[in-house]
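First residue of the sequence shown? That's -17 in the working numbering, and the numbers climb one at a time after it. Structure first, commentary second.
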Amino acid sequence: MWKGRFQKETTDRVQQYGESISYDWRLYAHDIRGSLSHAEALVEAGILTRAEFNAIRKGLREIEKEIAAGTFDFKVTLEDIHMNIEAALTQRIGPAGAKLHTARSRNDQVALDIRMYCRDEIDAIIAHLETLQKALVECGLKNRNAVIPGYTHLQRGQPVLFAHHLLAYVEMFERDCGRLADARRRVNVMPLGSGALAGSTIALDRLGIAKRLGFPAITQNSMDAVSDRDFVAEILFALALAGTHLSRLSEDVVLWATAEFRFVTLSDAHTTGSSLMPQKKNPDVAELTRGKSGRLYGNLVSLLTTLKGLPMTYNRDLQEDKEPLFDSIDTMKAALAVFAEMMEAMTVNAGETAAATDDPYLLATDIADYLVKRKVPFRQAHEIVGKLTAHCVENNRQYPELSLDEFRAFSETFDASVFKVFDVRTALRARTAVGAPSPSNVAKQLGRWQRKLAAKKA
Ligand code: ARG
C-alpha cells in the first residue's frame, strides 16, 4: 500500500509481528459499512462517479459475503482488515477501488470501525445483562417465601428473604447497564474525516457520513479523534466491574452449593464431576466466572498502560487496543449467557435455608429494638441483649427457652410480649422501610423488576 517510498519488502518476521488481521477481521462488516458511507461522500465531493460508486458497492458486498461465509482469503502480508478489504476490492474492480481511500487514513478508519463495533457490542451486552436479571427475578419469584440468614463478615446477621439477596444483584447489573449506556453516548461520535491526524484538503460532508451511519454527532478535533481510545477504556472498566459483580454472585453460588450450606442445588447440566472422587459435583461454571474476572481486570489495565505516555497522535501501539477489547466482550457475553442459564435451572432448598434461619441469634437486634420501642436508649439495649446472649451461649440455651424471669433479670423492661419477637416471619414483616426486606416490599420489588425488564426490548 505504501510501495512508492520503499525499496525493500518488510521481512516475514516483521509482517508476522505487526499483523492484526488474525483478530481484527471481525471488524469487516463495520469497515465495509463505513467505506460505503465514505464512498457516498466521495461521490458528493465529485471524486467518484455514480458508476464507480456502484462498482465499489458491488465489490464490497461480494467481499462481505465471502468473509461471512468463511471463503475470503485473508493475507497476513496485507496486515489488517482495512488493507485486506481495500486490496481485494481494487483487485476485483480496478481503478474505482483505488480511489476509495481518498481523504481517509486507516487512523480515522479504524477509529470509526471500533466505534461502530463497540456500539453494537454494548447493545448486545446490555441485552445479555437483562437476560441474567430476568433469570434472577424469576428465581426470586419461584422461591418468594424462602428465607435465608443475611451475612456480614460471613457470620449470620439478620434474616432476609432469599429473593431480596438475589435482587441485590439485579440492582448491581442495572448499574452495569447504565454505565454501558452512558459510555455508549461517548462511543457514538463519528471520527471519519480526521484523516491521519489533520483532516484532508479534500473536505467531505462529515455530518452526512455520520447521519448515514447513525451517529448523532461528529468529533471536533482531528488529533484527538485518531488517538482517542477513552471509550474503549470506559467499556473495559464497565465490563471489569460487571465482572466483579458476577464474581461475587459466583462466590455466593459456590458457598450455597456446599454441603455446609446446602442452600441450593445446581442442575447436573451446569456442574461437573471429578475424575477421581466419584461423589463430587462441582460448581465449575461459577468458579470459572469468578476466575474470569482476572482477565477482565487485566484487559483494562493492559489498555490503560498502552495509552499512558503515547505522544500525540496515532501511534501503532494503538493496535494493541483490540485484543483486550475483543476478549472482554467475548468473555462477558459468554459468562452472562451461561450464568443466566445456570440460575434458571438452580433449585433453592427452602427447607435448608429455613433451618439455617431458625437461629434465634439472628433476632438479637430485634430484641434490642423491642427494648428501644419501650424507651430504652439503643446503646443500653445493645448491652442488655449482649449480656443476655453471653448468658445463652454460656448455658447453651436459646432466647426462646428462657423464662420471663430470666429475661427480667437483664432488664425490668421485658414483659411476656418479648416472646413474640422470636418469629422470623414477624421479624421480616416489621422491616418495612423502602429497600428493607419485608415480604410485601420484596414482592413489590419483584413485580417492579418483572415489569421493567418485560418492557425492555428483547
Ligand atoms: N491496524 C491498525 C490499528 O489497528 C490500523 C491503523 C494503522 N495505521 C497506521 N498508521 N499504521 O491500529
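Every residue gets a Cβ at the ideal spot worked out from N, C-alpha and C, and that includes glycine.
(request) Look up Thr84 in the DSSP assignment and say whether it is helix, strand or coil. (result) Working through the sequence shown from its first residue, we reach residue 84 at position 102. In the structure shown, Thr84 sits in coil (DSSP, three-state: anything other than H, G, I, E or B).
(request) Whole angstroms is fine: what's the gap from Pro382's alpha carbon to Ala346's? (result) Here residue 382 is taken as the residue at index 400 of the sequence shown, counted from 1. Here residue 346 is taken as the residue at index 364 of the sequence shown, counted from 1. Each residue's alpha carbon lies about 11 Å from the other.
(message) For the ligand ARG, I want to know if Arg8 counts as a neighbour, meaning its beta carbon is within less than 6 Å of at least one of the ligand's heavy atoms.
(response) For the purposes of this step, residue 8 is taken as residue 26 along the sequence shown, with counting starting at 1. No, the Cβ of Arg8 stays beyond 6 Å of every heavy atom of the ligand ARG.
(request) Measure the Cβ-Cβ separation of Arg211 and Leu289 and say whether it is below 7 Å. (result) Residue 211 sits at position 229 when you count from the first residue of the sequence shown. Residue 289 sits at position 307 when you count from the first residue of the sequence shown. Yes, Cβ-Cβ distance for Arg211 and Leu289 is below 7 Å.
(request) Could you please go through the chain and list the residues whose beta-carbon is closer than 7 Å to any non-hydrogen atom of the ligand ARG? (result) Ser2, Asp6, Glu61, Asp62, His64, Ser87, Arg88, Asn89, Val92, Ala178, Tyr296, Arg298, Leu300, Gln301 and Lys304
(message) With the cut-off set at 7 Å, would you say Ile130 and Thr395 are in Cβ contact?
(response) As a working note, residue 130 is residue 148 in the sequence shown. As a working note, residue 395 is residue 413 in the sequence shown. No, they are not a contact pair.
(message) For the alpha helix (DSSP H) containing Tyr352, name the first residue and the last one.
(response) By 1-based counting over the sequence shown, the position of residue 352 is 370. Looking at the DSSP string, the run of the alpha helix (DSSP H) that includes Tyr352 is Ala346 to Lys355.
(request) Count the other C-beta atoms from every protein chain shown that fall within 10 angstroms of the C-beta of Asp397, then say buried if there are 16 or more, exposed otherwise. (result) Position 415 of the sequence shown holds residue 397. Exposed: under 16 other Cβ atoms inside 10 Å.
(request) Compute the Euclidean distance between the alpha carbons of Glu120 and Gly139, then round it to the nearest angstrom. (result) As a working note, residue 120 is residue 138 in the sequence shown. As a working note, residue 139 is residue 157 in the sequence shown. C-alpha of Glu120 to C-alpha of Gly139: approximately 26 Å in a straight line.
(message) Could you tell me the alpha carbon to alpha carbon distance between His456 and Leu435, rounded to whole angstroms?
(response) The structure shown has nothing for residue 456, since the chain only spans -17 to 440.
(request) Drop a sphere of 10 angstroms on the beta-carbon of Pro419, count the other beta-carbons inside from all chains shown, and report buried for 16 or more, exposed for fewer. (result) Translated into the one-based positions of the sequence shown, residue 419 becomes position 437. By the 10 Å Cβ count, Pro419 comes out buried.
(message) Along the chain, where does the beta strand (DSSP E) containing Leu143 start, and where does it finish?
(response) Residue numbering aside, residue 143 sits at position 161 when the sequence shown is read from its first letter. Note, Leu143: beta strand (DSSP E), Gln137 to Leu143.
(request) Just tell me which of Gln91, Phe144 and Ala37 has its CA closest to the CA of Leu428. (result) Taking the first residue of the sequence shown as 1, we reach residue 428 at position 446. Nearest C-alpha to Leu428: Phe144.
(request) Return the Cβ separation of Ser204 and Gly181 in integer angstroms, given the expectation that the two are a contact with Cβ distance under 8 Å. (result) As a position in the sequence shown, residue 204 is number 222, starting the count at 1. As a position in the sequence shown, residue 181 is number 199, starting the count at 1. Sure, about 5 Å apart at Cβ, within 8 Å.
(message) I need the straight-line Cα distance from Thr408 to Asn264, nearest angstrom please.
(response) Here residue 408 refers to the residue found at position 426 of the sequence shown. Here residue 264 refers to the residue found at position 282 of the sequence shown. Going by the C-alpha atoms only, they are around 37 Å apart.
(message) Quick check: the Cα distance between Asp95 and Arg43, rounded to an integer number of angstroms?
(response) If you number the sequence shown from 1, residue 95 lands on position 113. If you number the sequence shown from 1, residue 43 lands on position 61. Approximately 17 Å, taken between the alpha carbons.
(message) Lys369 and Phe401 - do their beta-carbons sit closer together than 7 Å?
(response) For the purposes of this step, residue 401 is identified with residue 419 of the sequence shown, where counting begins at 1. For the purposes of this step, residue 369 is identified with residue 387 of the sequence shown, where counting begins at 1. Going by C-beta atoms, Phe401 is not nearer than 7 Å to Lys369.
(request) Taking only the alpha-carbon atoms, compute the straight-line gap between Arg413 and Asp164 and give it to the nearest angstrom. (result) In the sequence shown, residue 413 corresponds to position 431, counting from 1. In the sequence shown, residue 164 corresponds to position 182, counting from 1. Approximately 34 Å, taken between the alpha carbons.
(message) Quick check on DSSP: helix, strand or coil for Asn36?
(response) Here the question's residue 36 lines up with position 54 in the sequence shown. In the structure shown, Asn36 sits in a helix (DSSP, three-state: H, G or I).
(request) Whole angstroms is fine: what's the gap from Met294's alpha carbon to Val214's? (result) Along the sequence shown, read from residue 1 onward, the residue named residue 294 stands at position 312. Along the sequence shown, read from residue 1 onward, the residue named residue 214 stands at position 232. Those two C-alpha atoms are separated by around 18 Å.
(request) Could you check what DSSP says for Ile200 in three-state terms: helix, strand or coil? (result) Reading the sequence shown from its first residue, position 218 is the one you call residue 200. DSSP places Ile200 within a strand segment (E or B) once states are collapsed to three.
(message) Less than 7 Å between the C-beta atoms of Ala244 and Asn331, yes or no?
(response) Translated into positions along the sequence shown, residue 244 becomes position 262. Translated into positions along the sequence shown, residue 331 becomes position 349. In the sequence as presented, Ala is not what sits at residue 244; that position holds Arg. Yes, the pair counts as a contact, with Cβ atoms nearer than the cut-off.
(message) Using a 10 Å radius around the Cβ and a threshold of 16 neighbouring Cβ atoms, would you call Gln115 buried or exposed?
(response) Here the question's residue 115 lines up with position 133 in the sequence shown. Per the 10 Å Cβ criterion, buried.
(request) Please state if the CB of Leu278 and the CB of Ala316 are separated by a distance shorter than 7 Å. (result) The residue you call residue 316 lines up with position 334 of the sequence shown. The residue you call residue 278 lines up with position 296 of the sequence shown. Contact: no.
(message) At the level of alpha carbons, what is the spacing between Leu9 and Tyr343?
(response) In the sequence shown, counting from the first residue as 1, residue 9 sits at position 27. In the sequence shown, counting from the first residue as 1, residue 343 sits at position 361. Distance from the CA of Leu9 to the CA of Tyr343, rounded to the nearest whole angstrom, comes to 58 Å.
(request) Please name the residue, chosen from Phe56, Glu323 and Gln91, that lies closest to Ala178 on a Cα-to-Cα basis. (result) Against the sequence shown, residue 178 aligns to sequence position 196. Closest by alpha carbon: Gln91.
(request) Report all residues from its chain with a CB closer than 7 Å to the CB of Val152; omit the five preceding and five following residues, and keep chain order. (result) One-based indexing of the sequence shown puts residue 152 at position 170. These residues qualify, in order along the chain: Gln115, Leu118, Val119 and Trp431.
(message) With a threshold of 8 Å, are at least 3 pairs of Cβ atoms found where one atom belongs to the stretch 71 to 78 and the other to the stretch 48 to 59?
(response) no
(message) Just to confirm the assignment, what range does the beta strand (DSSP E) spanning Tyr133 have?
(response) Indexing the sequence shown from 1 puts residue 133 at position 151. Bounds of the beta strand (DSSP E) holding Tyr133 are Val129 to Thr134.
(request) Give a yes or no on whether the C-beta atoms belonging to Gln(-3) and Thr59 are separated by under 7 Å. (result) Start at 1 with the first residue of the sequence shown, and residue -3 comes out as number 15. Start at 1 with the first residue of the sequence shown, and residue 59 comes out as number 77. A contact, by the Cβ cut-off of 7 Å.
(request) Use the C-beta contact count for Asp102: other C-beta atoms within 10 angstroms, 16 or more gives buried, fewer gives exposed. (result) Along the sequence shown, read from residue 1 onward, the residue named residue 102 stands at position 120. The residue is exposed, with fewer than 16 neighbouring Cβ atoms inside 10 Å.
(message) Under 8 Å: do the stretch 354 to 366 and the stretch 294 to 311 share three or more Cβ pairs, one atom per stretch?
(response) no
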